[in-house]
Structure formats: C-alpha cells, structure tokens
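Chemist:
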Amino acid sequence: MDKLGRGGVVYGEDVDSLKFDWGTIKFLSEPLVTGLDRFSFGVVVLAPGKGHDRHNHPGTEEIIFVLSGEGEQMIDDEGPVKIRPGASMYIPADVYHSTINTGWEPLRLAVVYSPAGAERGLRDIEGCEVVPVKA
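So for the sequence shown, our numbering puts the first residue at 385; every next one is plus one.
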C-alpha cells in the first residue's frame with residue numbers, strides 16, 4: 385500500500401493484523417501505512433473475558449473509545465470503571481492502565497496513540513502473531 389500523505393481511505397483488509405491470545409489489533413493509520421507520525425489510529429477487538437493486562441506506553445498518550453461491548457477500564461492503578469459504547473478514556477503518557485472485556489460479546493475499541501510509535505512495539509510482544517495483508 386502506498387502511503388497516504390495527501391489523504392485517502394484505508395480498510396481493515398489493507399493492513400496487517402496483530403493477533404494475541406486476548407484479541408486482535410489493526411492499525412489503520414501509522415507511519416508505515418499513512419506516513420502520519422503525530423498520531424496513530426487503530427481498532428482493537430477483545431475476546432469475551434480477555435483483555436490488556438496492566439501496561440503503559442512510555443512517552444505516548446492514548447485515547448480509547450468504546451465502539452461496542454462492555455468491560456472495565458483501570459487507569460493509574462485506580463479501581464476499575466465499567467465501560468460501554470460511547471465511553472472515551474484518556475490515558476496520559478507513562479500511566480499504567482488495563483482494559484478487560486467483561487461481556488459475552490467482543491469488546492470493540494478505537495485507539496489513538498500520540499505520538500505514533502507505540503504501535504510498532506506491539507509486534508515485539510511475546511505471543512504476538514503478525515498476520516500480513518494478503519497480496
């Protein structure tokens with residue numbers, strides 16, 4: 385795929401899938417896809433009963449928006465808060481957080497990292513399977 389420096393449309397089938405035992409991530413905008421470096425954007429699908437354990441993103445802010453499903457969000461080691469469609473969570477740089485699907489259906493999230501870059505490190509996490517775009 386050519387970088388979209390002048391704008392354009394990207395679909396999920398246009399980008400690699402990052403598969404984990406807890407779900408899948410697709411980054412629809414990141415430097416390697418669109419050329420953008422100020423932020424990256426992706427869609428996360430968490431399987432029922434699964435989620436992102438406590439982690440942080442050094443030097444990177446994150447926004448998480450719930451598209452569908454329900455779960456719990458922990459931010460800065462505070463008690464978990466119930467989340468549902470329409471919830472937007474802001475995670476400051478370096479702050480520990482976790483997102484867990486507490487429902488019976490997939491928890492679908494839109495995520496933004498600023499600046500871009502944290503998404504590349506996900507490929508190096510043990511257990512990550514990169515499923516490349518079909519040519």
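Note that the Cβ used here is the ideal one computed from N, Cα and C, for glycine as well.
#1: By alpha-carbon positions, which one of P476, W488, F404 and G407 ends up nearest to G443?
#2: With distance defined between alpha-carbon atoms, name the residue in I484, F423 and R492 nearest to P415.
#3: Using the rule of at least 16 other Cβ atoms within 10 Å of the residue's Cβ for burial, across every protein chain shown, is S472 buried or exposed?
#4: Please state the DSSP three-state secondary structure of L430.
#5: For I459, tell me which candidate among H441, G470 and T418 has the shortest Cα-Cα distance.
#6: By DSSP, does A500 sit in helix, in strand, or in coil?
#7: Taking V479 as the reference, give the member of D461, T486 and R468 with the closest Cα.
#8: What is the DSSP secondary structure of E397, reduced to helix, strand or coil?
#9: With T486 as the anchor, note down where its alpha helix (DSSP H) starts and where it stops.
#10: Can you name, in chain order, every residue of its own chain whose Cβ lies under 6 Å from the Cβ of S482, other than the five neighbours on each side?
#11: With a CB to CB cut of under 7 Å and the five nearest residues on each side skipped, what residues in its chain are close to F449?
#12: From this set, G392, Y395, K410 and V517, which residue's C-alpha is nearest R504's C-alpha?
Modeler: Let me spell this out:
#1: Of the candidates P476, W488, F404 and G407, the residue whose Cα lies closest to the Cα of G443 is P476.
#2: F423
#3: Result: exposed.
#4: In this structure, L430 counts as strand in the three-state DSSP scheme.
#5: H441
#6: Three-state DSSP puts A500 in coil, outside helix and strand.
#7: Shortest Cα-Cα distance from V479 to any of D461, T486 and R468 involves D461.
#8: helix
#9: Taken as a continuous stretch (DSSP letters only), T486 belongs to no alpha helix (DSSP H), as it is neither H nor E.
#10: H436, D437, R438 and M458
#11: S472, L493 and A494
#12: K410
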